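Participant: Once you've had a glance at the structure underneath, I'll fire off some questions.
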Amino acid sequence: MAAFTATCCGRALKMVVFLARLVFQLLAVYAVVLLLVYVCQRSLQYFPDKNHPGDPKESAAPSMREVELRTEDGLTLNAWFAAPVKRDGKIVVMYHGNAGHIGHRAVKAQHFIDKGMGVLLVEYRGFGGNIGSPSEQGLYKDGRAALSFLEKQEYANAQLVIYGESIGSGVATQMAYEIQPRYLILEAPFSSAAAVAKKRYFFLPVDWLMKDRFDNIDKIGGIKTNLLIVHGDEDSVIPIELAQMLYEQANHPKEFITINGGHHNDLYDHHAGHVVTEWLEKQIAAEEPAVKPEE
Numbered sequence: 009m010a011a012f013t014a015t016c017c018g019r020a021l022k023m024v025v026f027l028a029r030l031v032f033q034l035l036a037v038y039a040v041v042l043l044l045v046y047v048c049q050r051s052l053q054y055f056p057d058k059n060h061p062g063d064p065k066e067s068a069a070p071s072m073r074e075v076e077l078r079t080e081d082g083l084t085l086n087a088w089f090a091a092p093v094k095r096d097g098k099i100v101v102m103y104h105g106n107a108g109h110i111g112h113r114a115v116k117a118q119h120f121i122d123k124g125m126g127v128l129l130v131e132y133r134g135f136g137g138n139i140g141s142p143s144e145q146g147l148y149k150d151g152r153a154a155l156s157f158l159e160k161q162e163y164a165n166a167q168l169v170i171y172g173e174s175i176g177s178g179v180a181t182q183m184a185y186e187i188q189p190r191y192l193i194l195e196a197p198f199s200s201a202a203a204v205a206k207k208r209y210f211f212l213p214v215d216w217l218m219k220d221r222f223d224n225i226d227k228i229g230g231i232k233t234n235l236l237i238v239h240g241d242e243d244s245v246i247p248i249e250l251a252q253m254l255y256e257q258a259n260h261p262k263e264f265i266t267i268n269g270g271h272h273n274d275l276y277d278h279h280a281g282h283v284v285t286e287w288l289e290k291q292i293a294a295e296e297p298a299v300k301p302e303e
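In the working numbering, the protein residues as written are 9 to 303.
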């Protein structure tokens, strides 16, 4: 009996030691994963197309021209610009989403150009042939460089429509927080980049790891503007509920338009361009003084 008990205890002890070693090895692997994610996270967060976008005259917005933006930290970035038909017309400052470059957004820009508005397609560091590497603070500097360019061209803040797509919604929200424009349009935005990461990497301590958080939801309440959010109800990249959370924290006047059947990158294929320009024209018409009829 004693021998049997000793054998059972010995086996149990070996099992405990084995499990302890296994747990330790798994924790060690998990720690290595955490370290790699922390060190390499920006390569997981940003997907720039580093190729130069080419000549805007050969794009879907041929009236645009290439201009240079100079950032506060000394970078020179290429961008595309089309002036408004009227000197005091609106200018849509477009901060594009992740992946690709400004050339891929020319179709969107043309929707506004067709309405007589100006458009500045802002290219980020590390994207579209630009030097540098993207980061949250870096993209904010790029965003400010765009506003500085327009200021030097003597366009007033009252003329600006700040437009942000996907990760560009983080840049647009920050710029709107800083300059308080009359109009802010967010296409497929998130409450924060961390909220998106939590859904995708639920097994990681995102709050502890993430550097570039783009906390839109912490800023939106400090923005007093006419806000439009458009989001696809089938967006699997940034779920629509994250945009709805952002909308709930925003000030009035505001409007949320759901693009039925829209995914993350195809909203303009579902007539979002028409929806957005129609909304914007309506807002602009409302701000213009009524013309008294002749007696």
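Ideal Cβ positions, reconstructed from N, Cα and C, are used throughout, including at glycine.
Model, not experiment: these values are computed from the prediction.
Would Met253 and Ser177 qualify as a contact pair, given that the criterion is a beta-carbon distance under 8 Å?
Facilitator: Along the sequence shown, read from residue 1 onward, the residue named residue 253 stands at position 245. Along the sequence shown, read from residue 1 onward, the residue named residue 177 stands at position 169. Cβ distance not < 8 Å, so Met253 and Ser177 don't count as in contact.
Participant: Determine the DSSP secondary structure at Tyr171, reduced to helix, strand or coil.
Facilitator: Working through the sequence shown from its first residue, we reach residue 171 at position 163. Tyr171 falls in the strand class under three-state DSSP.
Participant: Considering only C-alpha positions, which residue in the set Thr181, Arg113 and Asp96 is nearest to Ile170?
Facilitator: In the sequence shown, residue 170 corresponds to position 162, counting from 1. Residue Thr181 is the option with its Cα nearest to Ile170.
Participant: In the DSSP assignment, find the beta strand (DSSP E) that holds Arg133 and state where it starts and stops.
Facilitator: Within the sequence shown, residue 133 is the residue found at index 125, counting from 1. Where Arg133 is concerned, there is no enclosing beta strand (DSSP E), given that its DSSP letter is neither H nor E.
Participant: In chain order, which alpha helix (DSSP H) runs of at least 4 residues are fully inside the stretch 78–143?
Facilitator: For the stretch 78–143, whole alpha helix (DSSP H) runs of length 4 or above, ordered along the chain, are 114–121.
Participant: Leaving out five residues on either side along the sequence, give the residues of the same chain with a beta carbon under 7 Å from the beta carbon of Val291.
Facilitator: Here residue 291 is taken as the residue at index 283 of the sequence shown, counted from 1. Here residue 291 turns out to be Gln, not Val, going by the sequence shown. Take Gln291, set aside five residues on each side of it, and the residues of its chain with a beta-carbon closer than 7 Å to its own are Tyr191 and Asn234, in chain order.
Participant: Among Thr266, Val127, Gly172 and Glu186, whose alpha-carbon lies nearest the alpha-carbon of Arg152?
Facilitator: As a position in the sequence shown, residue 152 is number 144, starting the count at 1. Nearest option by C-alpha distance: Glu186.
Participant: Out of His60, Glu80 and Ile139, which has the shortest C-alpha to C-alpha gap to Glu74?
Facilitator: As a position in the sequence shown, residue 74 is number 66, starting the count at 1. The residue with the shortest Cα to Cα distance from Glu74 is His60.
Participant: Whole angstroms is fine: what's the gap from His313's alpha carbon to Phe26's?
Facilitator: The structure shown has nothing for residue 313, since the chain only spans 9 to 303.
Participant: Below 8 Å, how does it come out for the stretch 47–58 and the stretch 79–90: are there three or more Cβ pairs, yes or no?
Facilitator: Not touching, per the Cβ criterion.
Participant: Alpha carbons only, please: which of Asn268, Ala36, Pro70 and Glu249 is nearest the one belonging to Ala117?
Facilitator: If you number the sequence shown from 1, residue 117 lands on position 109. With distances taken between Cα atoms, Ala117 lies closest to Pro70.
Participant: So the candidates are Val214, Leu194 and Glu195; which of them puts its Cα closest to the Cα of Ala201?
Facilitator: Against the sequence shown, residue 201 aligns to sequence position 193. Restricting attention to Val214, Leu194 and Glu195, the CA atom closest to the CA of Ala201 is found in Val214.
Participant: Leaving out the 5 sequence neighbours to the left and right, which residues in its chain are closer than 6 Å to Ser141 when beta-carbon positions are compared?
Facilitator: Mapped onto the sequence shown, residue 141 falls at position 133. These residues qualify, in order along the chain: Gly134.
Participant: Write down every uninterrupted run of the beta strand (DSSP E) in the stretch 151–223 whose length is 3 residues or greater and which is fully enclosed by it, in chain order.
Facilitator: 168–173 and 191–195
Participant: Where does His282 fall in DSSP's three states?
Facilitator: The sequence position of residue 282 within the sequence shown is 274, counting from 1. Reduced to three states, the DSSP call for His282 is helix.
Participant: For Asp63, I'd like the list of residues in its chain whose CB is within less than 8 Å of its CB, leaving aside the five on either flank, ordered along the chain.
Facilitator: Position 55 of the sequence shown, counted from the first residue, corresponds to residue 63. Here the set comprises Glu74.
Participant: Take Tyr46 and list the residues in its own chain whose beta-carbon comes closer than 7 Å to its own, dropping the five residues that flank it on each side.
Facilitator: Counting from 1 along the sequence shown, the entry for residue 46 is found at position 38. Leu217.
Participant: Is it buried or exposed for Asp241, if we count other Cβ within 10 angstroms and need 16 for buried?
Facilitator: Working through the sequence shown from its first residue, we reach residue 241 at position 233. When all chains shown are included, Asp241 counts as exposed.
Participant: For the beta strand (DSSP E) that contains Glu263, what are its first and last residues?
Facilitator: Within the sequence shown, numbered from 1, the residue matching residue 263 stands at position 255. Where Glu263 is concerned, the enclosing beta strand (DSSP E) stretches over Lys262 to Ile267.
Participant: What are the start and end residues of the beta strand (DSSP E) that includes Leu235?
Facilitator: Start at 1 with the first residue of the sequence shown, and residue 235 comes out as number 227. It spans Asn234 to Gly240 - the beta strand (DSSP E) in which Leu235 sits, taken as one unbroken run.
Participant: What does DSSP give as the partner residues of Val75 in its beta bridges?
Facilitator: Taking the first residue of the sequence shown as 1, we reach residue 75 at position 67. Partner(s): Ala87.
Participant: Over what stretch of residues does the alpha helix (DSSP H) that includes Leu250 continue unbroken?
Facilitator: Against the sequence shown, residue 250 aligns to sequence position 242. Leu250 -> alpha helix (DSSP H) spans Ile248 to Gln257.
Participant: In terms of alpha-carbon separation, which member of Ala107, Arg29 and Ile228 lies closest to Gln53?
Facilitator: Locating residue 53 in the sequence shown gives position 45, where the first residue counts as 1. Considering only alpha carbons, the answer is Ala107.
Participant: Just to confirm, are Ile99 and Tyr148 a CB contact at a threshold of 8 Å?
Facilitator: Stepping through the sequence shown from its first residue, residue 99 is reached at position 91. Stepping through the sequence shown from its first residue, residue 148 is reached at position 140. Contact flag unset, no.
Participant: With distance defined between alpha-carbon atoms, name the residue in Ala90, Pro189 and Gln145 nearest to Ala114.
Facilitator: As a working note, residue 114 is residue 106 in the sequence shown. Closest option to Ala114, Cα to Cα, is Ala90.
Participant: Once DSSP output is grouped into helix, strand and coil, what is the label at Pro56?
Facilitator: The residue you call residue 56 lines up with position 48 of the sequence shown. The answer is coil: DSSP assigns Pro56 none of H, G, I, E or B.
Participant: Looking at C-alpha atoms only, which residue of Arg95, Lys123 and Leu128 is the closest neighbour of Asn86?
Facilitator: Stepping through the sequence shown from its first residue, residue 86 is reached at position 78. Comparing Cα positions, the closest option is Leu128.
Participant: Hey, how far is the Cα of Val37 from the Cα of Arg29?
Facilitator: What you label residue 37 is simply residue 29 of the sequence shown in a count that begins at 1. What you label residue 29 is simply residue 21 of the sequence shown in a count that begins at 1. Looking at the two C-alpha atoms, the distance is approximately 12 Å.
Participant: Leaving out five residues on either side along the sequence, give the residues of the same chain with a beta carbon under 6 Å from the beta carbon of Phe120.
Facilitator: Taking the sequence shown and counting its residues from 1, one reaches residue 120 at position 112. Same-chain partners within the cutoff: Val100 and Val127.
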